[in-house]
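Notes for the one structure printed next.
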Amino acid sequence: MRIRLGAASGIIFAAWLVAALSSAQAPPPEGVRVRELGPIGPHWVFLVSPAGADSELSTKIEIVDGDSLQLLGLLTGGLLSTAALSPDRKFIYMADTFYSRGSRGDRTDVISIYDARRLAPVHEVVIPAKRQQHIPPDSSALTITPDGRFLLVANLTPATSVTVVDVNSNKVAGEIDTAGCAGIVMAGARRFNSICGDGALLSIRFDDRGKAAASRRMARPFFDPEKDPVFSVPAVIGKRAYYASYHGMVYPVDWEADPPIAGAPWPMLSGEDRKAGWRPGGYQPLAAYAPGKLIYILMHQGGEWTHKQAGTEVWVYNIEQRRRVDKIVLPRPGSEVYVTPDRDPRMFVVSLPELNGPPSAPILQSFSTASGRYLGALDQLPGFPLWIFGPARAM
Amino acid sequence: MDALVERITRTVAMRTSRRGILGMLGRVLLGAAVLPLLPVDRISARANAAAADAGEGDPLSCDYWRYCGFDGSLCGCCGGSTTECPPGTMMSPTSWVGTCKHPLDGKEYIIGYRDCCGKDNCGRCFCQNNKGDMPLYRTQLDNGVTWCFGTSSYVVNCTTAVKLGLKS
């Protein structure tokens, strides 16, 4: 009996095996692959996280589709990297610093060039190892000429200068001295402006060999750094740039004049606002929407020297009428604001965890600028994003 | 202010040579070799206790008077102290400066925030007080700059707060 059962079970097993093998051939193979991105959309944003809670050795750039609020991909760079997009949106440039042994060893500074669809490195250009190391990063540390030919890299030793990189030949073209002045904001095809310590602007024209061709300085400062310092990156709208100050003034500058010409400053705050303690603040407090002649600024209530405090509201000003036209209350206070430059604009705000508060991950909040309506958020942002930029980066 | 800052920077630069720092580190290391059972944290605890004894407040708190322009991790929480870098790091001979009021004598002191460089960020006791902090066009007052000029690595571990003198 036992033998018979054994034989029977053997036959059953064989039948099962045949069935199993034939069914194993049935399912189609899984379609594994590495994704590629489509072209950069008008509502895509790039979040730059120079440091995490316990390491600053590799900067992250987080690429987000602002419509679906999905994280599309990541770039990892070096120590306190900065970034820029090519005007044709085909390449992402990162200015990186690496040490050969992690936090020590030989220093190499490099422009890393990434294909924007594959997020893969395609070229690199070694640059002089004196790139500016600063938190937060901003657009004035790495800028591209409007034709996409030259990248300008800010150096700090702590003397200031600019390395000019020719992107056509992937070579360093030259270096421009900007002694006593800092930051690079484009003001023409081959011209940029830097702010100097006394509150004047320095205008530098350069040639295709990466050398300064002309350098002109404003005759007088356009603001008083002792009394009312301005945030370093202006909102550029048309032929003018608008600087916001710690105390809530707007300093317009005729940007295309060479050297630039100061306009008449005007206040963002009424007497009542001032009494209530409102003032601008954050890591990236100012954004421009050029088609609407609007500037957006993060505001909070606080005392002197709270210029890095997160904003609880975004106030919107029409720069021609010189008046506030809107006020957007943020669900969560934010430290960086960016507005897309298209005809259906979005406002994005990055919110960081409170310093020494309960642990929480940063989030990206999205708003319709037309209605000020909150559209949602992307949570669990990696790292600690301190700068946000997008495809048409005037800021 | 420019002239003042320049004077301080020059003075600091003149008085603080790389060799001086190496010498100081050498003494600390020698001390560690002779007294292997005396841990570094006890040394910094003693320094911290001395400050607390003088009624100046708690040097491990972001509210401590010297930190009015501070930005970073307190070295006192990271193996150093208000005036000492943790073992194996390099104290930068340069710094950004702030002007802070002493809680007892009421006088304004110039404080140099000297970064300890060469190891990844400690991350403990992160404090950000921005009194006097200005953008890069006033480099010497910008607490966002990595102040590791003069060392061999721009990776910041933590930051000290050294009295440089009375504001004149």
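Chains as they are written, first to last, in the numbering used here: chain Z, 1 to 395; chain P, 396 to 563. Just so you know, even glycine gets a beta-carbon here, dropped at the ideal spot from N, CA and C.
Cβ distance (whole Å) where residue i is taken to contact residue j below 8 Å
i      : j      : result
K308/Z : G334/Z : At roughly 12 Å, the Cβ-Cβ gap does not stay under 8 Å, so K308/Z and G334/Z are not in contact.
C495/P : T554/P : Contact doesn't hold; Cβ gap of about 14 Å is too wide.
P137/Z : P50/Z  : 6 Å
F192/Z : V167/Z : Incorrect: roughly 16 Å between the Cβ atoms, too far for contact.
G302/Z : R279/Z : 6 Å
G77/Z  : S112/Z : 7 Å
L79/Z  : T97/Z  : 4 Å
G390/Z : T340/Z : 6 Å
T484/P : N538/P : That belief does not hold up - the Cβ atoms of T484/P and N538/P are roughly 19 Å apart, past 8 Å.
D115/Z : A129/Z : The pair is not a contact, with the Cβ atoms about 26 Å apart (cut-off 8 Å).
L202/Z : T178/Z : 6 Å
F367/Z : I319/Z : The Cβ separation is near 20 Å, so there is no contact.
S139/Z : I195/Z : Contact flag wrong, Cβ pair sits at about 14 Å.
V314/Z : V325/Z : At roughly 12 Å, the Cβ-Cβ gap does not stay under 8 Å, so V314/Z and V325/Z are not in contact.
Residue i vs residue j beta-carbon contact at 7 Å
i      : j      : result
S468/P : C517/P : yes
G493/P : V557/P : no
V350/Z : P385/Z : yes
A95/Z  : V32/Z  : no
C543/P : C472/P : no
K514/P : S58/Z  : no
P34/Z  : F348/Z : Before going further, note that residue 34/Z is Val rather than Pro in the sequence given. Cβ distance not < 7 Å, so V34/Z and F348/Z don't count as in contact.
I144/Z : A83/Z  : no
V230/Z : Y243/Z : yes
G210/Z : A173/Z : yes
I388/Z : L37/Z  : no
D273/Z : S245/Z : no
S161/Z : N155/Z : yes
G464/P : I505/P : no
D342/Z : P42/Z  : yes
I176/Z : A212/Z : yes
G545/P : T478/P : no
L499/P : G452/P : no
G362/Z : L352/Z : The amino acid occupying residue 362/Z in the given sequence is Pro; Gly does not appear at that position. Result yes, Cβ atoms of P362/Z and L352/Z sit closer than 7 Å.
L298/Z : G311/Z : yes
H134/Z : V550/P : no
F222/Z : V253/Z : yes
For residue i, the residue or residues it bridges with in DSSP
i      : result
G506/P : The sequence given here has Ile at residue 506/P, not Gly. Beta-bridge pairing links I506/P to G493/P, K558/P.
V32/Z  : Answer is none; V32/Z lacks a bridge partner.
K275/Z : BP columns for K275/Z are empty, so no partner.
K327/Z : W315/Z
W387/Z : V48/Z
F98/Z  : T108/Z
I127/Z : D109/Z
E451/P : DSSP output for E451/P lists no bridge partner at all.
A84/Z  : Y93/Z
Q284/Z : E336/Z
R209/Z : R209/Z pairs with nothing; no bridge assigned.
H134/Z : V540/P
V153/Z : L142/Z, T163/Z
V250/Z : A244/Z, W266/Z
F367/Z : M347/Z, Y374/Z
F192/Z : M186/Z, I204/Z
I261/Z : D254/Z
M529/P : The partner list for M529/P (beta bridge, DSSP) is empty, contrary to what the question assumes.
A120/Z : D115/Z
Mind listing which residues of the region 295–308 of chain Z have their C-beta closer than 9 Å to chain P's C-betas, in chain order? Taking 9 Å as the Cβ-Cβ cut-off against chain P, the residues of the region 295–308 of chain Z that qualify are E304, W305, T306, H307, K308.
Can you find at least 3 beta carbon pairs, one from the region 119–130 of chain Z and one from the region 185–193 of chain Z, that sit closer than 8 Å? no
Name the residues in the region 462–482 of chain P whose C-beta lies less than 9 Å from a C-beta of chain Z; which are they? Taking 9 Å as the Cβ-Cβ cut-off, the region 462–482 of chain P approaches chain Z at C463, G464, D466, given in chain order.
Selection of the region 48–61 of chain Z by Cβ proximity to chain P, strictly under 7 Å: A51, A53, D54, S55, E56, L57
Indicate whether the contact test is met: 3 or more Cβ pairs, each with one atom in the region 215–227 of chain Z and one in the region 257–267 of chain Z, closer than 8 Å. yes
Taking Cβ-Cβ distances below 8 Å as the criterion, which residues of the region 218–245 of chain Z are in contact with chain P? P225, E226, P229, V230, F231, S232
Would you check if the region 329–345 of chain Z and the region 279–293 of chain Z touch, i.e. whether three or more CB-CB distances between them fall below 8 Å? yes
Spell out a yes or no on whether the region 66–74 of chain Z and the region 86–106 of chain Z are touching, meaning 3 or more CB-CB pairs, one atom from each, closer than 8 Å. no
Is it the case that the region 529–544 of chain P contacts the region 456–463 of chain P, given that we only count it when at least three CB pairs across the two stretches are under 8 Å? no
Taking Cβ-Cβ distances below 8 Å as the criterion, which residues of the region 146–159 of chain Z are in contact with chain P? L156, T157, P158
Taking only beta carbons into account, state which residues of the region 352–363 of chain Z come closer than 9 Å to chain P, listed in chain order. L355, N356
Give me the subset of the region 120–138 of chain Z whose CB atoms are less than 7 Å from a CB atom of chain P, sorted by chain position. Q133, H134, I135, P136
Closer than 8 Å, Cβ to Cβ, to anything on chain P: give me those residues from the region 91–103 of chain Z, in chain order. The region 91–103 of chain Z vs chain P, Cβ under 8 Å: T97, Y99, G102, S103.
What residues in the region 176–205 of chain Z bring their beta carbon closer than 7 Å to a beta carbon of chain P? C181, A182, G183, I195, C196, G197
Can you pull out the residues from the region 70–81 of chain Z whose beta carbon lies closer than 8 Å to at least one beta carbon of chain P? L79, L80
Short of 8 Å Cβ to Cβ, which residues in the region 539–558 of chain P face chain Z? G539, V540, T541, C543, F544, S547, S548, Y549, V550, V551
Check distances from the C-beta atoms of the region 516–530 of chain P to those of chain Z and list, in chain order, the residues that come in under 9 Å. Flagged, chain order: N516, C517, G518, C520, F521, C522, Q523, N524, N525, K526, G527, D528, M529, P530.
In chain order, what residues of the region 505–516 of chain P put their CB closer than 7 Å to some CB of chain Z? G513, K514, D515, N516
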